[in-house]
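>
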Amino acid sequence: GNSVTQMEGPVTLSEEAFLTINCTYTATGYPSLFWYVQYPGEGLQLLLKATKADDKGSNKGFEATYRKETTSFHLEKGSVQVSDSAVYFCALSVSAGGTSYGKLTFGQGTILTVHP
Amino acid sequence: SQTIHQWPATLVQPVGSPLSLECTVEGTSNPNLYWYRQAAGRGLQLLFYSVGIGQISSEVPQNLSASRPQDRQFILSSKKLLLSDSGFYLCAWSATGAQKPRGELFFGEGSRLTVL
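Sequence lines, in order, name chains B and P.
For the first sequence, position 29 (counting from the first letter as 1) is numbered 29 according to the working numbering, and the numbering increases by one without interruption.
Just add 1000 to the spot in the second sequence (first one is 1) and you have the working numbering.
In structure tokens form, the structure reads like this:
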């Protein structure tokens, strides 16, 4: 089956520090990979995605590269801000028979807290 | 543009009472629809998904049920709530067929249910 394993949290950083949240996966077929962010009291928002090996997704200073050889999709940001404090979810989806298939498998989430 | 709304945003219900959470999507047709539950503010568990009107798949056995009476309407229900039903419920949709983006989920704002 499909699964996603995320770095255990919580992660606490000072403003302008470098961020890495590790994510590895197992999947049948060729997954698309996603990072979602959940701000306090809100639903999830897509942060970035990559649909094939070696693709790099990026948004709001965050980046993640689809590494097929290591089955990883680690999230990075060079300089975090207080406003980045949130829960981050790694996720994958696998297309079935070439059709769109949005049933995502999520990691357990990583809480990030950034202090001024 | 597509939008998704779910309500109510907050609900406090006694044990044994019924539940109805509603979700509607606008700006797209024949979406896949999903209900997720997030317990203890962290992991996401897929409860139900639907690929069309009247077509519901349940991912886990539980006290809840789902219905899709219209193409863009998805309802989560219970006849008698349990304490363990407390949590943050998220509705989501994804594109189907030739529509894009593929594999990506778009989430509603969430409904927080507290069962006392």
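Where a beta carbon is used, it is the ideal one built from N, C-alpha and C, also for glycine.
Take L1046/P and list the residues in its own chain whose beta-carbon comes closer than 7 angstroms to its own, dropping the five residues that flank it on each side.
Result list for L1046/P: Y1034, Y1036, E1059, in chain order.
> Does chain B have any CB closer than 9 angstroms to the CB of G1110/P?
Chain B contact via Cβ: present.
> Against chain P, does E16/B count as a neighbour if the rule is that its beta carbon must be under 9 angstroms from one of theirs?
So no, E16/B is outside the interface.
> A1092/P CB to nearest chain B CB: under 9 angstroms?
Yes, A1092/P counts as interfacial toward chain B.
> The segment 1019-1047 of chain P: which residues have C-beta closer than 9 angstroms to a C-beta of chain B, in chain order?
Listed in sequence order: P1031, N1032, Y1034, Y1036, Q1038, G1041, R1042, G1043, L1044, Q1045, L1046.
> Taking Cβ positions, are T1024/P and A1095/P nearer each other than 9 angstroms?
In this structure, A1095/P does not lie closer than 9 angstroms to T1024/P by Cβ.
> Tell me which residues share the same chain as A1009/P and place their Cβ nearer than 8 angstroms to its Cβ, disregarding the 5 neighbours each side in the sequence.
If we look at A1009/P and ignore the five residues flanking it on each side, its Cβ neighbours are E1109, G1110, S1111, R1112.
> So what's G1015/P in DSSP terms, helix, strand or just coil?
In the sequence under discussion, the amino acid at residue 1015/P is Val, which differs from the Gly named in the question. Of the three classes helix, strand and coil, the one that applies to V1015/P here is coil, per DSSP.
> Between which two residues does the beta strand (DSSP E) carrying G1052/P extend?
Looking at the DSSP string, the run of the beta strand (DSSP E) that includes G1052/P is 1044-1052.
> Does DSSP classify V37/B as helix, strand or coil?
Here V37/B sits in strand by DSSP.
> Against G43/B, what residues of chain P qualify as contacts under a CB-to-CB distance less than 7 angstroms, listed in chain order?
The contacting residues are L1090, F1107, G1108, E1109, G1110.
> Could you have a look at S1057/P and say whether DSSP puts it in helix, strand or coil?
Note: S1057/P maps to strand in three-state DSSP.
> When DSSP builds the beta bridges, which residues end up paired with T5/B?
Note: T5/B sits in a beta bridge opposite T24/B.
> Is it buried or exposed for Y39/B, if we count other Cβ within 10 angstroms and need 16 for buried?
Per the 10 Å Cβ criterion, exposed.
> Under 9 angstroms, Cβ to Cβ, is there at least one residue of chain P near Y36/B?
Closer than 9 angstroms: yes.
> Name the chain P residues whose beta carbon is nearer than 9 angstroms to that of F62/B?
The contacting residues do not exist; F62/B stays about 16 angstroms from chain P at best.
> Could you tell me which chain P residues have their CB closer than 7 angstroms to the CB of L104/B, listed as they occur along the chain?
Chain P residues near L104/B: L1105.
> Given P1031/P, which residues of its chain have a CB within under 6 angstroms of its CB, disregarding the five upstream and five downstream residues?
V1025, W1093.
> For P10/B, is the classification buried or exposed, using 16 other Cβ atoms within 10 angstroms of its Cβ as the cut-off for buried?
By the neighbour-count rule (16 or more Cβ atoms within 10 Å), P10/B is not buried but exposed.
> Could you check the C-alpha separation between G98/B and E1104/P for me, to the nearest Å?
Since pLDDT at G98/B reaches only 46, below the 50 mark, its modelled position is unreliable, and the value read off the structure follows with that caveat. Taking the straight line joining both Cα atoms gives about 15 angstroms.
> E15/B and Q81/B: beta carbons closer than 9 angstroms?
Against a cut-off of 9 angstroms, the Cβ pair of Q81/B and E15/B comes out as a contact.
> With 9 angstroms as the threshold, decide whether the Cβ of A27/B is near any Cβ in chain P.
No, because no Cβ of chain P sits closer than 9 angstroms to the Cβ of A27/B.
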